[in-house]
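S.K.:
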Amino acid sequence: MTKLSVNVNKIAWLRNARGENRPNLLETSKVLVDCGVDGLTVHPRPDLRHITPDDVYDLSNLCKNSNIEFNIEGNPYSEKSKDYPGFIQLVNEIEPDQCTLVPDAPDQLTSDHGWQIDGKDHNVLINIIEELKTDKTRVSLFVDPDIKQIENIKSIGANRIELYTGPYALNPILEVLSSYETSYNYAKSIGLDVNAGHDLDLENLKPFLDRAPVDEVSIGHALISDALIDGLDTVTKKYLDLCK
166 MTKLSVNVNK IAWLRNARGE NRPNLLETSK VLVDCGVDGL TVHPRPDLRH
216 ITPDDVYDLS NLCKNSNIEF NIEGNPYSEK SKDYPGFIQL VNEIEPDQCT
266 LVPDAPDQLT SDHGWQIDGK DHNVLINIIE ELKTDKTRVS LFVDPDIKQI
316 ENIKSIGANR IELYTGPYAL NPILEVLSSY ETSYNYAKSI GLDVNAGHDL
366 DLENLKPFLD RAPVDEVSIG HALISDALID GLDTVTKKYL DLCK
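Counting from 166, one number per residue, gives the positions in the sequence shown under our numbering.
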């Protein structure tokens with residue numbers, strides 16, 4: 166069975182559009198918890214366009230009290246700015262169940278590629294992973310379906326990968342899906358657990374999981390978009406059913 170972690174960035178983005186507290190992120194996240202999700206995911210960015218440091222603390226406590234997992238995504242190179250403590254400091258303070266490292270630029274609209282680990286990143290990421298990986302926190306790296314990069318991620322000490330599924334969502338044909346199946350099987354064969362995420366939805370999720378039954382999917386934008394039509398409770402349960 167694949168676990169479902171819901172990315173709640175979009176809820177925070179909607180709240181921040183008015184500079185108020187509607188929708189209330191914590192209360193909305195409790196609805197997700199009550200539906201039976203396996204975890205919550207946040208991707209705080211230095212510009213605080215959606216998730217704030219206070220949100221991270223609040224949601225961490227919610228997950229701990231609800232016995233579900235908390236996943237913090239972000240670029241490990243994001244440093245301290247005005248109201249942002251820096252990604253690594255935030256993760257070290259929270260000690261989430263999972264930390265997913267993503268190579269996105271500060272002003273990037275959304276994550277759109279995985280790590281290309283060269284000599285510089287290789288050495289720096291080894292030290293970052295050693296710092297972040299604890300008995301409480303596993304480390305995952307966002308990656309394209311690329312065997313060489315999966316090998317590189319294994320060599321620097323990560324626990325998991327998260328397959329970037331954007332290309333599959335754009336072109337869900339067998340040839341594209343097969344590359345994910347191959348990457349999934351290879352990662353498992355070398356001892357890496359496997360997550361997946363980006364633009365997975367009610368139409369493309371099941372075909373993906375039939376070929377690559379990953380440990381966890383992270384879904385946010387599509388789920389929240391569907392919920393505007395059918396309701397958060399109903400839509401969340403639809404996604405959970407597909408993960409069974």
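Think of the CB as a built atom: it goes at the ideal place given N, C-alpha and C, for glycine as much as any other residue.
All of these numbers come straight from a predicted model, not from anything done at the bench.
#1: Bridge partners for Thr206 per DSSP, in chain order?
#2: By the DSSP assignment, the beta strand (DSSP E) with Ser305 in it spans what residues?
#3: So what does DSSP say about Arg325, is it helix, strand or coil?
#4: What residue range does the alpha helix (DSSP H) around Leu339 cover?
#5: Please check the pair Ile233 and Ala177, which I expect to be a contact at CB under 8 angstroms, by giving their CB distance rounded to whole angstroms.
#6: How is Ser383 classed by DSSP in three states: helix, strand or coil?
#7: Go ahead and pull the three-state DSSP assignment for Gln263.
#8: For Leu367 and Lys403, which I take to be in contact (beta-carbon distance under 8 angstroms), what is that distance rounded to the nearest angstrom?
#9: Label Asn189 either buried or exposed according to how many other C-beta atoms from any shown protein chain fall within 10 Å of its C-beta, with 16 as the threshold for buried.
#10: Quick check on this structure: which residue in Leu197, Pro211, Glu381 has the alpha carbon closest to the alpha carbon of Phe136?
#11: For Asn172 and Ile384, I'd like the C-alpha separation in whole angstroms.
#12: Exposed or buried, Arg183, counting other C-beta atoms within 10 Å across all chains shown (16 or more means buried)?
#13: By the three-class DSSP mapping on this structure, what secondary structure does Gly362 have?
#14: Could you tell me the alpha carbon to alpha carbon distance between Val202 and His278, rounded to whole angstroms?
#15: Taking only runs of the alpha helix (DSSP H) that begin and end inside the region 173-202, which ones reach a length of at least 4 residues, in chain order?
#16: Give a yes or no on whether the C-beta atoms belonging to His287 and Gly239 are separated by under 9 angstroms.
#17: Using the three-state DSSP reduction, which class does Lys245 fall into: helix, strand or coil?
#18: Under a three-way DSSP split, which group does Glu296 fall into?
#19: Less than 9 angstroms separating the beta-carbons of Tyr349 and Ala377?
#20: Would a C-beta distance cut-off of 9 angstroms place Leu357 and Ile326 closer than the cut-off?
#21: Quick check on Lys409: does DSSP put it in helix, strand or coil?
#22: Does DSSP put Asn226 in a helix, a strand or coil?
#23: Does the distance from the C-beta atom of Asn226 to that of Thr206 stay below 9 angstroms?
M.R.: Judging by the given coordinates:
#1: Answer is Asn172, Asn236, bridged to Thr206.
#2: Residues 303-308.
#3: Strand, per DSSP.
#4: Leu339 -> alpha helix (DSSP H) spans 339-354.
#5: In this structure, Ile233 and Ala177 do not form a Cβ contact; the two beta carbons are roughly 18 angstroms apart against a cut-off of 8 angstroms.
#6: Ser383: strand per DSSP, three-state reduction.
#7: Gln263 falls in the strand class under three-state DSSP.
#8: The beta-carbon separation of Leu367 and Lys403, rounded to 6 angstroms, stays under the 8 angstroms limit for a contact.
#9: For Asn189, the number of other beta carbons within 10 angstroms of its own is below 16, and it is reported as exposed.
#10: The question about residue 136 has no answer here: the residues shown for the chain are numbered 166 through 409.
#11: Going by the C-alpha atoms only, they are around 6 angstroms apart.
#12: By the neighbour-count definition (other C-beta atoms within 10 Å, threshold 16), Arg183 is an exposed residue.
#13: Three-state result, Gly362: strand.
#14: Rounded to the nearest angstrom, the two C-alpha atoms are 26 angstroms apart.
#15: Listed in chain order, the complete alpha helix (DSSP H) runs (minimum 4 residues) inside the region 173-202 are 174-181, 190-200.
#16: No Cβ-Cβ contact shorter than 9 angstroms links His287 with Gly239.
#17: Note: Lys245 maps to coil in three-state DSSP.
#18: Helix at Glu296.
#19: With respect to Ala377, Tyr349 sits close: the two C-beta atoms are nearer than 9 angstroms.
#20: Inclusion of Leu357 and Ile326 in the CB contact set at 9 angstroms is warranted, their separation being smaller than that value.
#21: Here Lys409 sits in coil by DSSP.
#22: Three-state result, Asn226: helix.
#23: Annotated as distal: Asn226 and Thr206, with beta-carbon spacing of 9 angstroms or more.
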